[in-house]
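J.:
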Amino acid sequence: MQSLLQRSPPSHLARTQPGRTHKQHTSIANHVAAPRRSLQAACQAPAALASTVELVQQRVRQQPEQQFQQNSIVAFSTHRRLEEPEQQPAVPLFVSLSDELCAACHRQPEAARGGLKALQCLGVWGVVVNIWWGQVEAAPQQYDWAQYQAFFQLAGEVGLRVKVSFCFHGNDKHTLPAWVLEEGKQCPDMFFTDRAGCRNTECLSVGVDHVPALAGRSALQAYTDFMAAFCDNFSELLGNVVTDADIGLGPRGEYRYPSTPLDSRWNFPGIGEFQCYDRFMVASLSAAAQQVGQPHWGNSGPHDAGSYCQWPHQTGFFHHQGSWDSEYGRFFLQWYSSLLLLHADQLLGRARQTLGAAGVRLHAKLPTIHWWFNQAAHAAELTAGLYNTGSRSGYLAFCQVLSRHNVGLVLTGGEMRDCEQPSYALASPEALLLQLRATAASQQVPVTLGNLSTRFDQAALSELERKGFEPSCYRGIDLGHVDGLVFDSMSDAMFEPQNWLGFKDWAGRMREQNAALAAERQLRLRRPLAARGKQQEQPQPQQSQVAADQPQEERQSALV
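Mapping of the sequence shown onto the numbering used here: residues 1 to 560, in sequence order.
(1) Return the chain-ordered list of same chain residues with a C-beta closer than 7 Å to the C-beta of L355, the five sequence neighbours on each side being excluded.
(2) Based on DSSP bridge pairs, tell me the residues matched to E430.
(3) Between G134, E100, T383 and P429, which lies nearest to E273 when the distance is taken from Cα to Cα?
(4) Within 10 angstroms of its Cβ, does N299 collect 16 or more other Cβ (buried), or is it exposed?
(5) What is the C-beta distance between C473 and T439, in whole angstroms, given that I count them as a contact (C-beta under 8 Å)?
(6) Excluding the five sequence neighbours on either side, which residues of its own chain have a C-beta within less than 8 Å of the C-beta of A507, listed in chain order?
(7) Express the C-alpha separation of C198 and L464 in angstroms, rounding to a whole number.
(8) Closer than 9 Å, CB to CB, is V124 near chain D or not?
(9) By a C-beta neighbour count over all protein chains shown, 10 Å radius and 16 as the cutoff for buried, is G390 buried or exposed?
(10) Taking its Cβ as the centre, do 16 or more other Cβ atoms sit within 10 Å of G476, making it buried, or is it exposed?
(11) DSSP state of V180, grouped into three classes?
(12) Inspect the beta-carbon positions of N388 and A427 and report whether they are closer than 9 Å.
(13) For E254, I'd like the list of residues in its chain whose CB is within less than 7 Å of its CB, leaving aside the five on either flank, ordered along the chain.
(14) Can you list, in chain order, the residues of its chain with a C-beta nearer than 8 Å to that of L220? Leave out the 5 residues immediately preceding and following it.
(15) Among H313, Q87, R107 and K117, whose alpha-carbon lies nearest the alpha-carbon of V95?
(16) Kindly list the residues whose CB is nearer than 7 Å to the CB of F234, restricted to its own chain and excluding five residues on each side of it in sequence; keep chain order.
(17) When burial is assigned at 16 or more other CB atoms within 10 Å of the CB, is P446 buried or exposed?
(18) Could you check if E520 is buried or exposed, using at least 16 other CB atoms within 10 Å of its CB as the buried criterion?
(19) Tell me the residue span of the beta strand (DSSP E) that contains N200.
(20) Below 8 Å on the Cβ atoms is my guess for R256 versus D189; work out the distance and round it to an integer in Å.
(21) With 16 as the cutoff for other CB atoms within 10 Å, does C419 come out buried or exposed?
(22) Starting from H343 and walking both ways along the beta strand (DSSP E), at which residues does that stretch end?
(23) Using the three-state DSSP reduction, which class does N514 fall into: helix, strand or coil?
(24) Measuring CB atoms only, is the stretch 280 to 298 touching the stretch 323 to 343, in the sense that at least three cross pairs come out at less than 8 Å?
(25) What does the Cβ neighbour count give for F192, buried or exposed, with the cut at 16 atoms within 10 Å?
(26) Pull up the DSSP beta-bridge partners for T193, would you.
(27) Does the distance from the CB of P269 to the CB of W372 come in under 9 Å?
(28) Could you check what DSSP says for K365 in three-state terms: helix, strand or coil?
(29) Using the beta-carbon count (16 or more within 10 Å), is E182 buried or exposed?
(30) Taking its Cβ as the centre, do 16 or more other Cβ atoms sit within 10 Å of F495, making it buried, or is it exposed?
(31) Between S205 and P212, how many whole angstroms is the CB-CB distance? I'm expecting something under 8 Å.
(32) From W133 to L411, what does the alpha carbon distance come to, in whole angstroms?
(33) Using the Cα positions of V158 and D144, report the straight-line distance between them to the nearest angstrom.
(34) If you follow the beta strand (DSSP E) that V410 is in, where does it begin and where does it stop?
(35) Grab me the residues of S462's own chain with a C-beta within less than 7 Å of its C-beta, minus the 5 sequence neighbours each way, in chain order.
(36) Can you tell me whether DSSP reads T439 as helix, strand or coil?
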């Protein structure tokens, strides 16, 4: 077998700058934002803070289509499917792995190999692995990739592709790097803060994206250095084994604020709380309020937005005639969501310059906050920074950013049905998924769909299959099939006999669905060829005998 480290990347994913040194990657990390100086200036200049969304949208409109295509590492389209030399299926199936299985490559490599081989035999195309910032960077710019090196080697030998998920956040099992938490003791405002002053250490505030609070580096610089170091260490695997990457934009790696913290402060279906009270975000809010001539709006967030576990009707801000739709409410929500959008635009731009330039396809996750979706204010979405209401589409600007950076969209909740939701939560995961898919399609952003909760029952698996493959299952709107499926996750529960049989049958149906799509594609390709062949077989019309008997001069004059 050819050595894994000697494989050449596919031609269409070849790195644009092979042999790049760490010093060169560091240079990229330091200068990648040069084309985005206008956005950085917007972040730093008080006069522009309130119009960040318009600025981002203007940049999208100003970029010519031809330039967009020329700058693309991989051109995405809703109807142009990405292809691999080894005949990637139309809807490749990935399975998320638990951190324990990834770590088992060191302790029990043969057991890990057996588990991965079992997936590969079922037709699984690849696996998703979390790359934890807190685990790898134990000291500033000191990276330990040993655990992942062993896993990538094993996955490649088995024949599985790998999607890495960059986790610039923590959870109940992982924290941010210890040195970052130590820096936070000196500068606690680097963490998101709620109205009561409680700090959330799941991830760093977007307010420090350009503040050198991390041993002399800003948050964006630290994220970029991390991605560049990953590219340096795994340069020979990028594009052939490591083919995809999810870029973490917030808690759980999702594009949102930590409005529903992991601790006991929140429970379903609470609306959550705004996370805008660190001094950096308050300064930004104050500057934006000054710009619109309402300086008193910049003192704090809404005073009547309630608490984590409250429902919309229990607040003054979110109830059906609340101030969320007042002039002040619209100002605040626009500012709050615009900082999140700016963070995503800049981080994805840097990911494109590092990972994207190395032939890795990029993705970003949107949360599916489906509770209170049928309420006018969409309260739970608003506290998360997603300015989506019954009268306003809140996901278009984000999808425009994804399109410009050639980044795919990852959605979860594909297994959920409205009929399974409690009526009191006014939830509609199906309507939300329809809106998200339609918005992505309007910007030609490819969509990967996954499940939100790990379920092996046939009702959930069949629903995920239906929403992945049936073109018109979204209330009759033909959105086509998705560009990928992710099953979360492979753990000990999967290998329980009943669960394994259920997953095995479902994976078999995925193979059949992909085979049908491949046959349909081949049929479409043959039709133009057959039509061309028939045209060539048709006899040319013969000249009439009278015309043939005419002298050449007469025929020419007749033509004139």
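Beta carbons: idealized from backbone N, C-alpha and C, even for Gly.
The structure displayed is predicted, hence computed values, not measured ones.
T.: Based on what the coordinates show:
(1) Excluding sequence neighbours, L355 sits near M227, C231, A245 and L362.
(2) According to DSSP, which records beta bridges pairwise, E430 is partnered with nothing at all.
(3) Looking at the Cα atoms, T383 is the closest of the given residues.
(4) Flag for N299 reads exposed.
(5) Contact between C473 and T439 does not hold, since the beta-carbon distance rounds to 17 Å and is not under 8 Å.
(6) Only L93, L122, G123 and V124 meet the Cβ criterion.
(7) Put simply, the backbone Cα of L464 is about 38 Å away from that of C198.
(8) No chain D is part of this structure, which consists of one protein chain only.
(9) Counting Cβ neighbours within 10 Å, G390 comes out exposed, since fewer than 16 surround it.
(10) The residue is exposed, with fewer than 16 neighbouring Cβ atoms inside 10 Å.
(11) The answer is helix: DSSP assigns V180 an H, G or I state.
(12) The Cβ atoms of N388 and A427 do not sit closer than 9 Å to each other.
(13) A distance below 7 Å between beta-carbons, with the five flanking residues on each side excluded, links E254 to the following residues of its chain, in chain order: K365, L366 and P367.
(14) Same-chain partners within the cutoff: A33, D209, H210, Q346, L347 and R350.
(15) Looking at H313, Q87, R107 and K117, the one whose alpha-carbon comes closest to that of V95 is K117.
(16) For F234, same chain residues with a beta-carbon under 7 Å away, outside a window of 5 residues either side, are F152 and V242 in chain order.
(17) Around the beta carbon of P446, 16 or more other beta carbons lie within 10 angstroms, which makes this residue buried.
(18) Exposed is the call here.
(19) Counted as a single uninterrupted DSSP element, the beta strand (DSSP E) harbouring N200 occupies residues R199 to L204.
(20) With 8 Å as the limit, R256 and D189 do not qualify as a contact, their Cβ atoms being about 20 Å apart.
(21) For C419, the number of other beta carbons within 10 angstroms of its own is below 16, and it is reported as exposed.
(22) Here H343 belongs to no beta strand (DSSP E); instead the alpha helix (DSSP H) covers E327 to T354.
(23) In the three-state DSSP reduction, N514 falls in the helix class (H, G or I).
(24) Taking one beta carbon from each stretch, the stretch 280 to 298 and the stretch 323 to 343 have 3 or more pairs nearer than 8 Å; the two touch.
(25) So F192 ends up on the buried side.
(26) Beta-bridge partners assigned by DSSP to T193: R199.
(27) Yes, the pair counts as a contact, with Cβ atoms nearer than the cut-off.
(28) For K365, the secondary structure class from DSSP, reduced to helix, strand or coil, is strand.
(29) It counts as exposed.
(30) Within a 10 Å sphere around the beta-carbon of F495 sit fewer than 16 other beta-carbons, which makes this residue exposed.
(31) At roughly 14 Å, the Cβ-Cβ gap does not stay under 8 Å, so S205 and P212 are not in contact.
(32) Taking the Cα positions, W133 is about 23 Å away from L411.
(33) Answer to the nearest angstrom: the Cα atoms are 24 Å apart.
(34) Note, V410: beta strand (DSSP E), V407 to L411.
(35) Excluding positions up to five away in sequence, the list is empty.
(36) The three-state reading of DSSP puts T439 in helix, counting H, G and I together.
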